[in-house]
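Input: a single structure, listed below in structure tokens.
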Amino acid sequence: MNRKTIPPYRTLDSYLLKGLPALTFWTLLILCRDGALAQTASVTTDTSSSMRATHLLGFQGAKNNAKGMLSIQDNALQFQDSGKPAVQVQVKIASVQGVFLGEQSKQVGGLPMTLGKTAAPYGGGRVVSLFAHKNYDTLTLEYVDADGGFHGAIFQLEKGQAEVFRNELVTNGAHVSETANEPAKRSTTEVVCESN
Amino acid sequence: MKATKRVSMFALAAAIVAIALASPTQPAAQTVAAKSSAGDNSFGASRWSVQVDKVDPGDVAVASSFQIAIYESLLDELSKTKQFKQVLRDGDRNAGSVSDLLILKTTVQQYTPGSETRRAVTTVSGATKLTVRSQLCTREGTVISERTINGNVRFMGSNLRATQKLAHNVAKAIKQASLPEPAHAAPVQNGQI
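Here the protein sequences line up with chains A and B, keeping their order. According to the working numbering, the stretch in the first sequence is residues 1 to 196, in order. According to the working numbering, the stretch in the second sequence is residues 1001 to 1193, in order.
Set out below in structure tokens:
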């Protein structure tokens, strides 16, 4: 009832967009540029040679299914277990003979989630399972120890990180054969293969 | 009357104590006997060492992660059985100096990559299945034991769990097989698990 009518030329939008278009334009441009720079910086940080990983099996000295940091330091591949006590295991990159990428889809939530889904009535757990999965990258390494013994290790990384890490390994001198560039989706395809 | 009762109670208590003291010795003796007999049975096997070869994918397109997982799980499971003096890796230079060495060769025959999500949603589909031919050979190439072994994940767990089950079955089959004395090799034993 007692509202005052503000003329369109007095509103903030009209002031910014109509009153001083050039100033607004340059301000927005500068802000966008700063944002872009910040994004670039964060991307640079992400591509560093240290990333969170889960050791699934094989890396000598590390526990199976241990979470930690996988990194490259002083020409050595290093896995630092974040558990207690923190364990650090490393292998020389020169001894790495093969690096393979893969992809796998896993149900999230672990055992508590599985039990919850089982207990849900009217098959509600199945519907939850349909959405409660996440895709991960797997990084498979083949390396030899001091005695020439062949080792294999499998790490699980966030999606998209395995390829970045493999490139880091190659840059640091890891030997990667041509067969290492196998299709990532092979492990998820549903085919029956039989030998003769 | 009271004295007789007291004596009989004392005798009963003494008898109970005597039985209690005597009874643990019998099972202990049994355990010792069982241990020694088991030792006699596995005498031939415990003199062998085993070298695990890399998994041969054969004509089957098996993901590298599965090949590695089978290989590493086999090493784990064979070490757990404590059936062999040493469990060596493929390419280990120390194998040259080991006198009684068996070589475990694993060839993939069938592989069905499953899906954890499909298993969780449908229960009846999405199983991961692995079938391998496992051969235990001497250094000269004589096949001592040959079996076809399966490892599957049908309900819960990740796809890689199939490799652990497979390796467990392989180790179990080797444990059940009667290995000859290192000096002379026995005929081939075939079977399926």
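Backbone N, C-alpha and C define an ideal beta-carbon position, used for all residues, glycine too.
Inset, instruction - Helix, strand or coil for aspartate 973 of chain B, going by three-state DSSP, please let me know. - result: This structure gives no information on residue 973 of chain B, because the portion of chain B shown stretches from 1001 to 1193.
Legend entry - Limits of the unbroken beta strand (DSSP E) element including leucine 1102 of chain B: The residue given as residue 1102 of chain B occupies position 102 in the second sequence. It spans 1101 to 1112 - the beta strand (DSSP E) in which leucine 1102 of chain B sits, taken as one unbroken run.
Inset, instruction - State the start and end residues of the unbroken alpha helix (DSSP H) segment that holds arginine 52 of chain A. - result: Residue numbering aside, residue 52 of chain A sits at position 52 when the first sequence is read from its first letter. Arginine 52 of chain A -> not in any alpha helix (DSSP H); beta strand (DSSP E) instead, spanning 50 to 57.
Inset, instruction - Would you verify that the beta carbon of lysine 1165 of chain B is, or is not, closer than 8 angstroms to some beta carbon of chain A? - result: Reading the second sequence from its first residue, position 165 is the one you call residue 1165 of chain B. Closer than 8 angstroms: no.
Inset, instruction - Compare the C-beta of valine 152 of chain A against all C-beta atoms of chain B and say whether one is closer than 8 angstroms. - result: In the first sequence, the residue the question calls residue 152 of chain A occupies position 152. It should be pointed out that residue 152 of chain A corresponds to glycine in this sequence rather than to valine. Nearest CB-CB separation between glycine 152 of chain A and chain B: below the 8 angstroms threshold.
Legend entry - Beta-carbon proximity check, isoleucine 1150 of chain B vs threonine 1128 of chain B, cutoff 8 angstroms: Translated into the one-based positions of the second sequence, residue 1150 of chain B becomes position 150. Translated into the one-based positions of the second sequence, residue 1128 of chain B becomes position 128. Before going further, note that residue 1150 of chain B is asparagine rather than isoleucine in the sequence given. No; because the gap between Cβ atoms is not below 8 angstroms, this pair is not in contact.
Inset, instruction - Can you tell me the Cβ-Cβ gap for leucine 141 of chain A and valine 99 of chain A, rounded? I've got them flagged as a contact below 8 angstroms. - result: Residue 141 of chain A sits at position 141 when you count from the first residue of the first sequence. Residue 99 of chain A sits at position 99 when you count from the first residue of the first sequence. Rounded to the nearest angstrom, the Cβ distance from leucine 141 of chain A to valine 99 of chain A is 6 angstroms, consistent with a contact under 8 angstroms.
Legend entry - C-alpha distance - isoleucine 72 of chain A paired with alanine 1177 of chain B, whole-angstrom precision: For the purposes of this step, residue 72 of chain A is taken as residue 72 along the first sequence, with counting starting at 1. For the purposes of this step, residue 1177 of chain B is taken as residue 177 along the second sequence, with counting starting at 1. Whole-angstrom Cα-Cα distance: 45 angstroms.
Inset, instruction - Spell out whether any CB of chain B is found under 8 angstroms from the CB atom of valine 176 of chain A. - result: In the first sequence, the residue the question calls residue 176 of chain A occupies position 176. For valine 176 of chain A, no Cβ of chain B is located within less than 8 angstroms of the residue's own Cβ.
Inset, instruction - Compute the Euclidean distance between the alpha carbons of valine 1143 of chain B and valine 1121 of chain B, then round it to the nearest angstrom. - result: Your numbering for residue 1143 of chain B matches position 143 in the second sequence. Your numbering for residue 1121 of chain B matches position 121 in the second sequence. Valine 1143 of chain B and valine 1121 of chain B: Cα-Cα distance of roughly 44 angstroms.
Legend entry - chain A contact residues for asparagine 1094 of chain B, given Cβ-Cβ distances below 7 angstroms: Taking the second sequence and counting its residues from 1, one reaches residue 1094 of chain B at position 94. Chain order gives the chain A residues near asparagine 1094 of chain B as Asp147, where near means a beta carbon separation below 7 angstroms.
Inset, instruction - Would you kindly check if the distance between the Cβ of lysine 106 of chain A and the Cβ of histidine 133 of chain A is under 8 angstroms? - result: What you label residue 133 of chain A is simply residue 133 of the first sequence in a count that begins at 1. What you label residue 106 of chain A is simply residue 106 of the first sequence in a count that begins at 1. Yes; because the gap between Cβ atoms is below 8 angstroms, this pair is in contact.
Inset, instruction - Can you give me the Cβ contacts of glutamate 153 of chain A inside the same chain, cut-off strictly under 6 angstroms, excluding the 5 residues immediately before and after it? - result: Here the question's residue 153 of chain A lines up with position 153 in the first sequence. It should be noted that the sequence gives alanine, not glutamate, for residue 153 of chain A. So the list reads Gly58, Phe59, Leu141, once near-sequence residues are dropped.
Inset, instruction - Determine, using beta carbons only, whether phenylalanine 100 of chain A comes closer than 8 angstroms to chain B. - result: On the first sequence, position 100 is the one that residue 100 of chain A refers to. True, the Cβ-Cβ gap to chain B drops below 8 angstroms.
Legend entry - Cβ pair valine 1068 of chain B, alanine 1167 of chain B closer than 8 angstroms: For the purposes of this step, residue 1068 of chain B is identified with residue 68 of the second sequence, where counting begins at 1. For the purposes of this step, residue 1167 of chain B is identified with residue 167 of the second sequence, where counting begins at 1. First, the amino acid is wrong: residue 1068 of chain B is isoleucine here, not valine. Taking 8 angstroms as the Cβ cut-off, isoleucine 1068 of chain B and alanine 1167 of chain B do not qualify as a contacting pair.
Inset, instruction - Go through its chain and collect everything with a Cβ distance to valine 96 of chain A's Cβ below 8 angstroms, but skip five positions before and after it. - result: Locating residue 96 of chain A in the first sequence gives position 96, counting from the first residue. So the list reads Leu77, Leu141, Glu142, Tyr143, Leu169, Ala174, His175, once near-sequence residues are dropped.
Legend entry - CB of threonine 1106 of chain B within 8 angstroms of CB of leucine 1074 of chain B, strictly: Against the second sequence, residue 1106 of chain B aligns to sequence position 106. Against the second sequence, residue 1074 of chain B aligns to sequence position 74. Cβ distance < 8 angstroms, so threonine 1106 of chain B and leucine 1074 of chain B count as in contact.
Inset, instruction - For glutamine 104 of chain A, return the contacting residues in chain B, with the cut-off set at a CB-CB distance below 7 angstroms. - result: Start at 1 with the first residue of the first sequence, and residue 104 of chain A comes out as number 104. What glutamine 104 of chain A touches in chain B: Asn1159.
Inset, instruction - Please decide whether alanine 1069 of chain B counts as near chain A, where near means a Cβ-Cβ distance under 8 angstroms. - result: Working through the second sequence from its first residue, we reach residue 1069 of chain B at position 69. Under the 8 angstroms criterion on CB atoms, alanine 1069 of chain B is classed as interfacial with respect to chain A.
Inset, instruction - Identify each residue in the segment 1053 to 1067 of chain B for which the Cβ-Cβ distance to at least one residue of chain A is less than 7 angstroms, and report them in chain order. - result: Answer set for the segment 1053 to 1067 of chain B: Lys1054, Gly1058, Asp1059, Val1060, Ala1061, Ala1063, Ser1064, Ser1065.
Legend entry - Neighbouring residues, chain B, relative to valine 144 of chain A (Cβ below 8 angstroms): Sequence index remark: in the first sequence, residue 144 of chain A carries index 144 (1-based). What valine 144 of chain A touches in chain B: Gly1091.
Inset, instruction - Note down, in chain order, all residues in the segment 120 to 133 of chain A with a beta-carbon under 7 angstroms from any beta-carbon belonging to chain B. - result: So the list reads Arg126, Ser129, Leu130, His133, given in the order they occur along the chain.
Inset, instruction - Identify each residue in the segment 1131 to 1154 of chain B for which the Cβ-Cβ distance to at least one residue of chain A is less than 7 angstroms, and report them in chain order. - result: Listed in sequence order: no entries.
Inset, instruction - Measuring only between beta-carbons, confirm whether valine 1121 of chain B sits less than 8 angstroms from chain A. - result: Along the second sequence, one-based indexing puts residue 1121 of chain B at 121. Yes, valine 1121 of chain B counts as interfacial toward chain A.
Inset, instruction - Please report the Cβ distance between leucine 1101 of chain B and arginine 1139 of chain B, rounded to the nearest whole angstrom; I am assuming they are in contact, meaning their Cβ atoms lie under 8 angstroms. - result: Mapped onto the second sequence, residue 1101 of chain B falls at position 101. Mapped onto the second sequence, residue 1139 of chain B falls at position 139. Right, the Cβ-Cβ distance comes to about 5 angstroms (below 8 angstroms), so this counts as a contact.
Inset, instruction - Could you tell me the distance, in whole angstroms, from the CA atom of proline 1180 of chain B to the CA atom of serine 1046 of chain B? - result: In the second sequence, residue 1180 of chain B corresponds to position 180, counting from 1. In the second sequence, residue 1046 of chain B corresponds to position 46, counting from 1. Going from the Cα of proline 1180 of chain B to the Cα of serine 1046 of chain B covers about 11 angstroms.
Inset, instruction - Mark phenylalanine 79 of chain A as exposed unless 16 or more other C-beta atoms lie within 10 angstroms of its C-beta, in which case mark it buried. - result: Locating residue 79 of chain A in the first sequence gives position 79, where the first residue counts as 1. With a 10 Å radius around the Cβ and a threshold of 16 neighbouring Cβ atoms, phenylalanine 79 of chain A comes out buried.
Inset, instruction - Taking lysine 1082 of chain B as part of the beta strand (DSSP E), name the residues at either end of that continuous run. - result: Looking up residue 1082 of chain B in the second sequence gives position 82. Taken as a continuous stretch (DSSP letters only), lysine 1082 of chain B belongs to no beta strand (DSSP E), as it is neither H nor E.
Legend entry - Within chain A, the residues that glutamate 1072 of chain B reaches when beta carbons sit closer than 7 angstroms: Here residue 1072 of chain B corresponds to residue number 72 of the second sequence, with the count starting at 1. What glutamate 1072 of chain B touches in chain A: Leu57, Gly58, Gly152.
Inset, instruction - Count the other C-beta atoms from every protein chain shown that fall within 10 angstroms of the C-beta of glycine 149 of chain A, then say buried if there are 16 or more, exposed otherwise. - result: What you label residue 149 of chain A is simply residue 149 of the first sequence in a count that begins at 1. Its Cβ being crowded by 16 or more others within 10 Å, glycine 149 of chain A is buried.
Legend entry - threonine 1117 of chain B: contacting residues in chain A (beta-carbon distance under 8 angstroms): Here the question's residue 1117 of chain B lines up with position 117 in the second sequence. Close partners of threonine 1117 of chain B in chain A (Cβ separation under 8 angstroms): Ser105, Gln107, Ser129, Leu130, His133.
Inset, instruction - Please report the residue range of the beta strand (DSSP E) in which phenylalanine 79 of chain A lies. - result: Looking up residue 79 of chain A in the first sequence gives position 79. Taken as a continuous stretch (DSSP letters only), the beta strand (DSSP E) holding phenylalanine 79 of chain A covers 76 to 81.
Inset, instruction - Give the straight-line distance between the Cα atoms of alanine 1095 of chain B and aspartate 147 of chain A, rounded to the nearest whole angstrom. - result: Here residue 1095 of chain B refers to the residue found at position 95 when the second sequence is read from its first residue. Here residue 147 of chain A refers to the residue found at position 147 when the first sequence is read from its first residue. Each residue's CA atom was taken as its position, placing alanine 1095 of chain B and aspartate 147 of chain A some 10 angstroms apart.
Inset, instruction - Work out the CA separation of tyrosine 1111 of chain B and lysine 67 of chain A for me, nearest whole Å. - result: Along the first sequence, read from residue 1 onward, the residue named residue 67 of chain A stands at position 67. Along the second sequence, read from residue 1 onward, the residue named residue 1111 of chain B stands at position 111. So the two alpha carbons sit approximately 29 angstroms from each other.
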